[in-house]
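There are 2 protein chains.
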Amino acid sequence: MNGFGSAFLVAQVGAHAAQRFTERIGELDLTPAQVGLLRLVATRPGQSQQALAKQLGTPATRLVPLVDGLEKRGLIERRRNAEDRRLYALELTAKGRELMVGVARTAQAHDRAITAALTDDERATLHELLKRIADEQGLTPGVHPGYARP
Amino acid sequence: MNGFGSAFLVAQVGAHAAQRFTERIGELDLTPAQVGLLRLVATRPGQSQQALAKQLGTPATRLVPLVDGLEKRGLIERRRNAEDRRLYALELTAKGRELMVGVARTAQAHDRAITAALTDDERATLHELLKRIADEQGLTPGVHPGYARP
DNA sequence: TATTGTTATACTCTATAACTATA
DNA sequence: TATAGTTATAGAGTATAACAATA
Numbered sequence: 001m002n003g004f005g006s007a008f009l010v011a012q013v014g015a016h017a018a019q020r021f022t023e024r025i026g027e028l029d030l031t032p033a034q035v036g037l038l039r040l041v042a043t044r045p046g047q048s049q050q051a052l053a054k055q056l057g058t059p060a061t062r063l064v065p066l067v068d069g070l071e072k073r074g075l076i077e078r079r080r081n082a083e084d085r086r087l088y089a090l091e092l093t094a095k096g097r098e099l100m101v102g103v104a105r106t107a108q109a110h111d112r113a114i115t116a117a118l119t120d121d122e123r124a125t126l127h128e129l130l131k132r133i134a135d136e137q138g139l140t141p142g143v144h145p146g147y148a149r150p
Numbered sequence: 001m002n003g004f005g006s007a008f009l010v011a012q013v014g015a016h017a018a019q020r021f022t023e024r025i026g027e028l029d030l031t032p033a034q035v036g037l038l039r040l041v042a043t044r045p046g047q048s049q050q051a052l053a054k055q056l057g058t059p060a061t062r063l064v065p066l067v068d069g070l071e072k073r074g075l076i077e078r079r080r081n082a083e084d085r086r087l088y089a090l091e092l093t094a095k096g097r098e099l100m101v102g103v104a105r106t107a108q109a110h111d112r113a114i115t116a117a118l119t120d121d122e123r124a125t126l127h128e129l130l131k132r133i134a135d136e137q138g139l140t141p142g143v144h145p146g147y148a149r150p
């Protein structure tokens, strides 16, 4: 064994990045799972909780407390679907959309911090290589497999 | 938002790689945490549990059941330190060393599978860029921050 | 009868702190 | 008294399955 393989390195750096992101986003009083949900509702509003759960690859029961918390803080809204009243249609509130600006800013700062060791060219190269791996491995853009923990 | 930043991509691909590794290593009836400990004991034998816990960044209490399991399977050995009998000195058994060969094979296959989308040159580039990030971020070689879960 | 959302229960896992033994 | 290892306890978090409302 020379050192550690690329797969281990990706996992190591990835876990570190996730940890740091958790800290940063915690300053906005959010968890990564909440950010993931907010991001999904922001880009594709009006979906039911079941649909969202499927896209996130998480059991539907976990969305309930997640949505509860965001709703209580006035970031997200449960609208009843008039056509099928079993379904909710989740939407961001104005306050929620406002918060997403801060989330985007945080994500950008996080990105720069993690890749601080690289030049712009190298950053682009890294991004491209990782994107190729992600595609080949069948990963859904924007969905973190380790959504699990709060 | 154009797409997703490199930091997110690393975290996403990293979590996926960790997940796949967990599955693979499960075929040897091992968890990632066990592999991490075995690897550490293999490279630096004779250390106490406290010392190992410190290097893994985990509370010492978590090492107890971890070592218990490996000891029961005859992979690891708790030797009493003659000079200070409070301390154990952890060593791999012959069976443990044998198993590590299989672990190394598994890790290599895993590595190739994860980076299947890349050429050899690209693989090397990815490895170098990630290594630079890992060093700059102060990560300890071979230690996974997300050691947590079994 | 099937489906959406919710609740309840059981289970896993972790960590804090108390305990034993050696020093 | 201080440290290594262990055990016990309590807490957080998840998921499986039962439940209510609507279709």
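In the order they appear, the protein sequences are chains A and B.
The numbers in the first sequence follow our numbering, run straight up by one, and end at 150.
The numbers in the second sequence follow our numbering, run straight up by one, and end at 150.
All C-beta atoms in this analysis are idealised placements derived from N, C-alpha and C, irrespective of residue type, glycine included.
On a Cα-Cα basis, can you pick out the residue from B/31, B/44, B/108, B/21 that is closest to residue 92 of chain B? B/44
Contacts that residue 136 of chain B makes with chain A (C-beta to C-beta distance below 8 Å): 116, 117
Give me the Cα-Cα distance between residue 145 of chain B and residue 4 of chain A, rounded to the nearest whole angstrom. The alpha-carbon separation between residue 145 of chain B and residue 4 of chain A amounts to approximately 15 Å.
Could you name the residues of chain A that residue 17 of chain B contacts, counting a contact when the two beta carbons are closer than 7 Å? 7, 10, 11
Measure the alpha-carbon distance for residue 47 of chain B versus residue 132 of chain B and round it to whole angstroms. 29 Å
Alpha carbon to alpha carbon, what distance is there between residue 134 of chain B and residue 9 of chain A? Take the alpha-carbon of residue 9 of chain A and the one of residue 134 of chain B: they are about 8 Å apart.
Is there at least one Cβ from chain B nearer than 8 Å to residue 139 of chain A's Cβ? yes
Between residue 133 of chain B and chain A, is there a C-beta pair that is closer than 8 Å? yes
Taking the alpha carbon of residue 77 of chain B as the reference point, which residue from B/13, B/24, B/84, B/94 has its own alpha carbon closest? B/94
What are the boundary residues of the beta strand (DSSP E) that residue 90 of chain A is part of? 88 to 92
Verify whether the separation of the beta carbon atoms of residue 114 of chain B and residue 20 of chain B is less than 8 Å. yes
In three-state DSSP terms, what is residue 83 of chain B? coil
Do we get a CB-CB distance below 8 Å when we pair residue 106 of chain B with the residues of chain A? no
Alpha carbon to alpha carbon, how far is residue 36 of chain A from residue 83 of chain B? 53 Å
Can you list the residues of chain B that residue 111 of chain A reaches, using a CB-CB cut of under 7 Å? 5, 6, 7
Going by CA-CA distance only, name the one from A/67, A/116, A/24 that's closest to residue 105 of chain A. Minimum Cα-Cα distance from residue 105 of chain A among the listed residues A/67, A/116, A/24 corresponds to A/24.
Residue 108 of chain B versus residue 61 of chain A: straight-line alpha-carbon distance, rounded: 38 Å
Mind checking which residues open and close the alpha helix (DSSP H) that includes residue 125 of chain B? Residue 125 of chain B: member of the alpha helix (DSSP H) spanning 120 to 136, first to last residue.
Grab me the residues of residue 89 of chain A's own chain with a C-beta within less than 6 Å of its C-beta, minus the 5 sequence neighbours each way, in chain order. 46, 79, 81
Pull up the distance between the alpha-carbon of residue 22 of chain B and that of residue 137 of chain A, whole angstroms please. 16 Å
Rounded C-alpha distance that separates residue 123 of chain B from residue 117 of chain B: 9 Å
What's the C-alpha gap between residue 127 of chain A and residue 112 of chain A? 13 Å
Could you tell me if residue 28 of chain A is buried or exposed, where buried requires 16 or more neighbouring beta carbons within 10 angstroms of its beta carbon? exposed
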